[in-house]
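Contents: one structure, followed by commentary.
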Amino acid sequence: MRFEANPEIKMLVCLGEVGGEEEYRIVEAVKSGRIKKPLVMWVTGTSIKFMPKGIQFGHAGAKADANLETAEAKNSALKNVGVIVPNSFNDFGEIIKKTFNNLVSQGKHHPIPNVDPPPVPMMYSEAKARKLVRKPTSFTCTISDDSGDELVYAGHKISKVISENYSIADVIGLLWFKEKLPSWAGGFIEMVVKLCADHGPCVSGAHNAIVTARAGRDLMSSVAAGILTIGPRFGGAVAGAAVMFKDAFDSKMTPSEFVQSTKKSNIKIQGIGHLIKSLRNPDKRVVLLKDYASKFFPKTPLLNYALEVEKITTSKKDTLILNVDGAIGILCVDMMHGLEWSEDRIRTAIDTGGLNGLFLLGRTIGFIGHFMDQQRHKSGLYRHPMDDILYELPSPK
Ligand code: COA
């Protein structure tokens with residue numbers, strides 16, 4: 000009735016269905032003059048007589064159980080009161096159009112021009128799949144890619160990494176330096192990781208990891224506590240040594256000029272000095288590194304230079320040896336020269352401090368070990384003994 004009352008609506012279209020008696024209310028409305036507008040209507044379900052009896056048609060209650068409920072009965076009742084009923088559903092569209100056109104030609108309706116619907120933009124996912132769009136990226140990654148079918152490390156599929164039995168050093172080469180290192184360089188990297196894996200429980204990092212584990216913290220916290228001690232005095236002098244020795248060597252300073260210039264500026268040479276190791280008590284790790292390099296590296300110009308520097312520093316104090324950080328950092332530079340990297344590439348690799356990652360990676364193995372060790376023997380909270388602290392306070396007032 001709302002459509003009948005709305006003057007903007009000039010004709011009505013309705014689709015009924017078999018079953019029920021609702022359509023007879025429309026018949027009554029037309030008969031009584033409550034619907035006056037041209038009404039085009041079809042009741043579907045005339046084909047039900049060709050179906051097995053009792054079949055459901057349309058909505059849940061649409062079953063022509065009584066004669067009056069059949070589509071034919073309803074269509075003819077509608078037709079009898081003047082509703083425009085097509086001969087079949089096929090004609091429904093045509094008859095709607097005809098009725099509409101009649102209203103227009105009689106001047107009873109003035110069609111509103113069609114409005115183009117607003118275009119619906121293509122879904123981003125579809126446009127991306129069809130390579131029609133790209134968006135500016137926030138990050139760039141040049142070492143690994145998991146966006147395809149298979150994870151790739153610097154151009155090497157993970158299945159190849161496994162089937163061809165790549166070593167840990169090969170994986171480090173791919174992810175850190177974006178190339179598979181030759182075996183002499185890979186052997187050096189792997190040796191460094193092994194040599195740095197642990198240095199007993201007394202050094203700063205392991206001590207911190209142990210104390211943290213004993214305070215009841217989890218693996219991540221204990222390892223992080225150990226890692227946080229790595230710095231210029233402990234394990235983190237690898238990159239600094241590489242930079243300092245390379246700078247001195249490249250600027251053609253003699254070893255003694257180098258030592259004097261650092262002394263003058265009151266700078267400690269990174270990679271020189273040890274708390275307990277000395278000329279008389281050499282660090283076996285450094286001996287092993289030097290032996291490996293002399294056997295397998297194509298050349299060791301920076302190591303040779305560092306050993307000359309060591310001769311000068313140890314003449315002052317025998318603990319001022321080339322330490323493990325120094326040996327690693329300096330040999331990394333010799334390795335890069337041996338690999339014939341450009342000066343630019345070597346600079347980028349050492350200036351970023353990334354070489355400290357070798358110590359960090361290796362020592363993390365030990366930190367995890369110390370955490371597990373403490374867990375295994377269920378050690379309780381650690382409290383440092385008071386008699387190990389020298390209390391030097393002003394006298395109480
Ligand atoms: N370069 C030049 N001189 C150094 C030096 C270095 N790396 N390390 C110590 N010295 C000198 C000191 O200036 C001091 O000289 P002085 O007596 O004229 O004042 C003397 O040696 C003793 O210094 P000290 O600080 O007592 O040495 P230490 O044995 O306590 O220090 C380190 C040990 C490792 C902390 C120290 O050598 C250092 O900081 N080295 C550089 C960083 C490094 O390589 N760390 C990694 C260690 S594995």
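Quick note on numbering: numbering that gives the first Met the number 0 labels position 35 of the sequence shown as 34, and the sequence is numbered without any gaps.
Ideal Cβ placement from N, Cα and C applies to all residues, glycine included.
Can you tell me which of the three DSSP states Tyr152 falls into?
strand
Return helix, strand or coil for Gly405, following the three-state DSSP convention.
Within the shown structure, residues of the chain are numbered from 0 to 396, placing residue 405 beyond reach of any answer.
If you draw a straight line from the C-alpha of Tyr123 to the C-alpha of Asn5, how long is it?
42 Å
Quick check: what's the CA-CA separation for Asp372 versus Leu380?
14 Å
Nearest to Thr69 by CA position, among Ile83, Glu93 and Trp41, is which residue?
Trp41
Restricting to Cα atoms, I'd like to know which of Thr363, Gly18 and Ile311 is closest to Glu71.
Gly18
With distances taken between CB atoms, is the gap from Lys222 to Phe370 smaller than 8 Å?
For clarity, residue 222 is Val in the given sequence; the question names Lys instead. It is a contact, given that the beta carbons lie within the stated cut-off.
Uninterrupted alpha helix (DSSP H) stretches inside the stretch 218 to 291 (no shorter than 4 residues)
218 to 226, 237 to 249 and 254 to 263
DSSP-derived helix/strand/coil call for Asp197:
coil
Where Glu178 sits in the DSSP three-state scheme:
coil
Cβ-heavy atom distance between Thr253 and the ligand COA below 7 Å?
no
Rounded distance between the beta-carbons of Ala236 and Asp324, thought under 8 Å:
4 Å
Hey, would you say Cys195 sits closer than 8 Å to Phe366, going by beta carbons?
no
Please check the pair Leu14 and Thr43, which I expect to be a contact at CB under 8 Å, by giving their CB distance rounded to whole angstroms.
Your pair Leu14 and Thr43 checks out as a contact, with CB atoms roughly 7 Å apart and the cut at 8 Å.
Have a look at Val82 and Ser104 and give me their C-alpha separation to the nearest angstrom.
20 Å
How is Leu321 classed by DSSP in three states: helix, strand or coil?
strand
Taking Asn322 and Gly270 to be in contact with their CB atoms under 8 Å, please state how far apart those CB atoms are, rounded to whole angstroms.
6 Å
Classify Ile388 as helix, strand or coil using the three-state DSSP reduction.
coil
Inspect the CB distances between the stretch 326 to 337 and the stretch 167 to 175 and report whether three or more fall short of 8 Å.
no
Length of the line joining the Cα atoms of Val286 and Ala241:
In this model, Val286 and Ala241 are separated by some 18 Å (Cα to Cα).
Anticipated Cβ contact below 8 Å, Ser378 with Arg216, distance rounded
The pair is not a contact, with the Cβ atoms about 13 Å apart (cut-off 8 Å).
Residue nearest to Ala76 in terms of C-alpha spacing, selected from Met10, Pro181, Lys30 and Met50
It is Lys30.
Taking 8 Å as the threshold (C-beta atoms), are Gly186 and Phe415 in contact?
The requested residue 415 does not occur in the structure, where the chain is confined to residues 0 to 396.
Helix, strand or coil at Val12 [DSSP, three-state]:
strand
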